[in-house]
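Taking it in order: structure first as structure tokens, then the write-up.
Numbering (our numbering), first residue to last: 244 to 356.
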């Protein structure tokens, strides 16, 4: 998917912006579908909805996300090693569109006797 953004960037000098007009998004979708077909992938490999979402998030930077996830992982490792504090209950989800993280409570497995 990153390559599709790169192809668009090569042709137009920039990636689609988050506030992209409907025409820019439609252009990205049509050019991406053509590129997928040219590379031997079947039609519909990525849905139009997925390509639209990619176009809208095309300029998103992942470095801050890596810092957030790495910080949380580091805290959890320290909790596990030191046996102090409650764990984050197993599942942390990051939403790249809203830039929010959520902890989903996963119940511990039942103790077998």
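Virtual Cβ for every residue (Gly too), placed ideally from N, Cα, C. Note that the structure is a prediction, hence the values are computed from the model and not measured.
Inset, instruction - Confirm, please, whether the CB-CB distance from residue 326 to residue 336 is below 8 Å. - result: On the chain shown, residue 336 is found 93 positions in, with the first residue counted as 1. On the chain shown, residue 326 is found 83 positions in, with the first residue counted as 1. Their beta carbons are not under 8 Å apart, which means residue 336 does not touch residue 326 by this criterion.
Legend entry - Local Cβ density within 10 Å of residue 259, reported as buried at 16 or more and exposed below that: Sequence index remark: in the chain shown, residue 259 carries index 16 (1-based). So residue 259 ends up on the buried side.
Inset, instruction - Would you be able to state if there are at least three C-beta pairs under 8 Å between the segment 278–294 and the segment 305–321? - result: no
Legend entry - Beta-carbon separation (whole angstroms), residue 272 vs residue 294, contact threshold 8 Å: Counting from one through the chain shown, the residue named residue 272 turns up at place 29. Counting from one through the chain shown, the residue named residue 294 turns up at place 51. That pair is a contact at about 5 Å.
Legend entry - residue 290, buried or exposed, once every other Cβ within 10 Å from all chains shown has been counted against 16: Residue 290 sits at position 47 when you count from the first residue of the chain shown. Result: exposed.
Inset, instruction - Specify the secondary structure class of residue 345 as computed by DSSP and reduced to three states. - result: Within the chain shown, residue 345 is the residue found at index 102, counting from 1. Three-state DSSP puts residue 345 in a strand.
Inset, instruction - Using only alpha-carbon positions, find the residue among 328, 299, 246, 288 that is nearest to residue 266. - result: Locating residue 266 in the chain shown gives position 23, counting from the first residue. That would be 299, whose Cα lies nearest to the Cα of residue 266.
Inset, instruction - Look up residue 334 in the DSSP assignment and give the residues it is bridged to. - result: Working through the chain shown from its first residue, we reach residue 334 at position 91. Looking at the DSSP assignment, residue 334 forms a beta bridge with 347.
Legend entry - Cβ neighbour criterion (16 or more within 10 Å) applied to residue 301: By 1-based counting over the chain shown, the position of residue 301 is 58. Buried.
Inset, instruction - Please say whether residue 288 and residue 274 have beta carbons closer to each other than 8 Å? - result: For the purposes of this step, residue 274 is identified with residue 31 of the chain shown, where counting begins at 1. For the purposes of this step, residue 288 is identified with residue 45 of the chain shown, where counting begins at 1. No, the pair does not count as a contact, with Cβ atoms beyond the cut-off.
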